[in-house]
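If you read the sequence shown in my numbering, its first letter stands for residue 4, the second for the next number, and so on.
In this text, a Cβ means the ideal position worked out from N, Cα and C, and glycines have one as well.
Note that this is a predicted model, so its numbers are computed, not measured.
Structure first, commentary second.
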Amino acid sequence: MNVELKHAGMAEAVATELRERECDAILSSFAAAALEPFREEPLPTAYLFRDGFETGLDTAAALGCAFVHPQHAMLDAAAIEQAHDSGFAVNAWTVPDETEVSRLREAGVDGVIVDSWQVVST
Numbered sequence: 004m005n006v007e008l009k010h011a012g013m014a015e016a017v018a019t020e021l022r023e024r025e026c027d028a029i030l031s032s033f034a035a036a037a038l039e040p041f042r043e044e045p046l047p048t049a050y051l052f053r054d055g056f057e058t059g060l061d062t063a064a065a066l067g068c069a070f071v072h073p074q075h076a077m078l079d080a081a082a083i084e085q086a087h088d089s090g091f092a093v094n095a096w097t098v099p100d101e102t103e104v105s106r107l108r109e110a111g112v113d114g115v116i117v118d119s120w121q122v123v124s125t
């Protein structure tokens, strides 16, 4: 499960809720300040970004993220390899169709974020 934090100030409430449930969750955000408090939590985090691939990786590293969630169009095999070499798993967002899912799978992406599960049903 991907839980996107829309703003800072949610850390305590979200961490409490997730600790009480038995589920695999990744906390993601475009806002570095929303992820900062989770450095001390045993919950995996992901930095979401749509611009500046190198900057996105640097920010994710500074935040101690396990994942990066770049916008799908930013990704090719070389970018995914670079992220993997930097220690990150890569989940692309928001993947619009089956063709793009296939392209990303072939490029080595670890996961996709979609608006409709049907996009990945094949």
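For G90, the three-state secondary structure derived from DSSP is coil.
Note on T48: 16 or more other CB atoms within 10 angstroms of its CB, so buried under the neighbour-count rule. Note on geometry: alpha-carbon atoms of V115 and F33 lie some 17 Å from one another. DSSP, reduced to helix, strand and coil, places S105 within a helical segment of the structure shown. DSSP places G59 in the helix class (H, G or I) of the three-state scheme. Proximity to E57 across A16, M77, A110 and R42 peaks at M77, based on C-alpha coordinates.
Around the beta carbon of W96, 16 or more other beta carbons sit within 10 angstroms, so the residue counts as buried.
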